[in-house]
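Sequential numbering from 17 applies to the sequence shown in this note's numbering.
What follows is a single structure, written as structure tokens, with notes after it.
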Amino acid sequence: MKWRPFFQLIRFPNLIMIILTQALVKYHLFEPFGIDVTLSDLDFGLLVLSMICLAAAGNIINDLYDRRADKINKPHKLVIGTHFSEKTAYNLFFLFNIIGVGIGFYLANLVGRPSFVALFILPSAFLYFYATQIKSTVLVGNLVVSIMVAMIIVMVGIFDLVPAITPENRLTQKVIFSILIDYAIFAFLLNFLREMVKDQEDIRGDYNAGYQTLPVILGRERTNKIIFLVALLPLAGALYYIYNYLNDNRLALLYALLFVVGPLLYFLVKITSAESKKQYHHLSLLLKLVLAAGLISVGLYRFILL
């Protein structure tokens with residue numbers, strides 16, 4: 017096994033981020049507040065494993081169907097066709113999907129909600145259709161991927177909180193779940209922004225591949241204006257949270273200003289004049305870091321509310 021190309025194929029840093037995010041929710045949001053949960057540490061580990069398997073499968077199928085554009089956009093990062101054959105990539109795609117959905121079937125029955133297995137089957141199907149069909153449709157692919165990112169947060173609540181709800185703890189469980197929803201919305205918006213910026217960065221390859229992305233249809237200048245307007249939403253959300261919840265906690269306030277609000281303001285300034293691949297790559301990386309900082313802040317709730 018060629019480990020370095022393999023880790024590149026499955027987007028290993030992104031998988032680490034999934035593990036970190038879900039662990040923070042479980043052990044730094046639920047546990048410090050004594051929230052009633054359903055999953056043992058082992059079962060929670062299986063949930064995380066399932067999510068990273070499905071994410072890895074989605075990354076592989078995306079690379080399989082994106083090779084034409086990638087030959088232009090990032091020829092130095094091609095893995096399929098250089099390090100792995102198409103057949104091997106398909107085999108890995110099916111293997112990861114089988115593991116992910118299989119674990120999902122086990123967990124759904126474990127928590128007494130067999131229908132929850134659909135929450136593992138649907139992401140697998142959506143990621144496949146995203147790579148093979150939806151990606152070439154303007155904005156739809158961006159929305160699908162962003163919903164999948166948001167679900168990484170929500171899935172912990174669905175499997176750990178929801179089955180443990182009783183009449184006595186309903187209010188507490190609802191408050192914690194609402195925090196997860198807020199984070200999921202933030203993650204959705206940040207990733208949606210990043211997907212549009214990446215479309216700007218990859219416009220040349222996407223045009224040649226026949227993808228109907230927003231920059232291909234409207235051009236870079238108009239797309240910049242749309243991205244600017246969308247970027248106001250997570251900024252407004254962050255400021256709302258700061259005003260309502262963080263005023264009395266200096267550490268959390270400083271963290272939010274330095275790692276979320278400040279970078280978003282910088283992004284708003286820079287996106288208006290961005291026009292080169294290098295500039296868009298820089299802004300895409302910035303959004304990725306803001307998203308990571310936002311998700312890591314889950315660990316700060318024990319200091320804000322306790």
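Ideal Cβ placement from N, Cα and C applies to all residues, glycine included.
Member of the options whose CA lies at the smallest distance from the CA of residue i
i: residue 295; options: 242, 216, 273; result: 216
i: residue 193; options: 41, 26, 22, 20; result: 41
i: residue 83; options: 179, 200, 221; result: 221
i: residue 278; options: 44, 27, 252; result: 252
i: residue 24; options: 280, 92, 311, 116; result: 92
i: residue 283; options: 266, 305, 271; result: 305
i: residue 78; options: 234, 174, 58, 144; result: 144
i: residue 56; options: 315, 227, 20, 126; result: 126
i: residue 172; options: 27, 317, 29, 36; result: 36
i: residue 317; options: 285, 191, 293, 102; result: 191
i: residue 307; options: 19, 34, 27, 26; result: 34
i: residue 228; options: 163, 245, 157; result: 157
i: residue 106; options: 121, 90, 26; result: 26
For residue i, the residue or residues it bridges with in DSSP
i: residue 96; result: 100
DSSP-derived helix/strand/coil call for residue i
i: residue 227; result: coil
i: residue 173; result: helix
i: residue 162; result: helix
i: residue 27; result: coil
i: residue 155; result: coil
i: residue 55; result: coil
i: residue 211; result: helix
i: residue 263; result: coil
i: residue 50; result: coil
i: residue 78; result: helix
i: residue 218; result: coil
i: residue 179; result: helix
i: residue 84; result: helix
i: residue 42; result: helix
i: residue 118; result: helix
i: residue 239; result: helix
i: residue 188; result: helix
i: residue 66; result: helix
i: residue 127; result: coil
i: residue 304; result: helix
i: residue 293; result: helix
i: residue 90; result: coil
i: residue 288; result: coil
Proximity below 8 Å, CB of residue i to CB of residue j
i: residue 268; j: residue 274; result: no
i: residue 213; j: residue 181; result: no
i: residue 208; j: residue 310; result: no
i: residue 138; j: residue 170; result: no
i: residue 219; j: residue 236; result: yes
i: residue 108; j: residue 76; result: yes
i: residue 129; j: residue 183; result: no
i: residue 230; j: residue 155; result: yes
i: residue 123; j: residue 176; result: no
i: residue 189; j: residue 51; result: yes
i: residue 44; j: residue 226; result: no
i: residue 270; j: residue 247; result: no
i: residue 48; j: residue 100; result: no
i: residue 210; j: residue 303; result: yes
Own chain residues within Cβ distance below 7 Å of residue i, not counting five before or after
i: residue 240; result: 287, 288, 290
i: residue 165; result: 203, 204, 207
i: residue 297; result: 217
i: residue 249; result: 205
i: residue 116; result: 66, 69, 70, 73, 136, 140
i: residue 88; result: 220, 221, 224
i: residue 276; result: 254, 306, 309, 310
i: residue 163; result: 204
i: residue 121; result: 133
Beta-carbon contacts of residue i that lie in its chain and below 8 Å, excluding the five residues immediately before and after
i: residue 39; result: 64
i: residue 119; result: 62, 63, 65, 66, 69, 136
i: residue 272; result: 254, 257, 258, 262, 313
i: residue 113; result: 69, 70, 73, 140
i: residue 174; result: 132, 135
i: residue 167; result: 135, 139, 200
Residues near residue i in its chain [Cβ-Cβ closer than 6 Å; skip 5 each side]
i: residue 46; result: 53
i: residue 199; result: 169
i: residue 293; result: 217
i: residue 185; result: 52
Any C-beta of chain C under 8 Å from that of residue i
i: residue 26; result: This model lacks chain C altogether; it includes just one protein chain.
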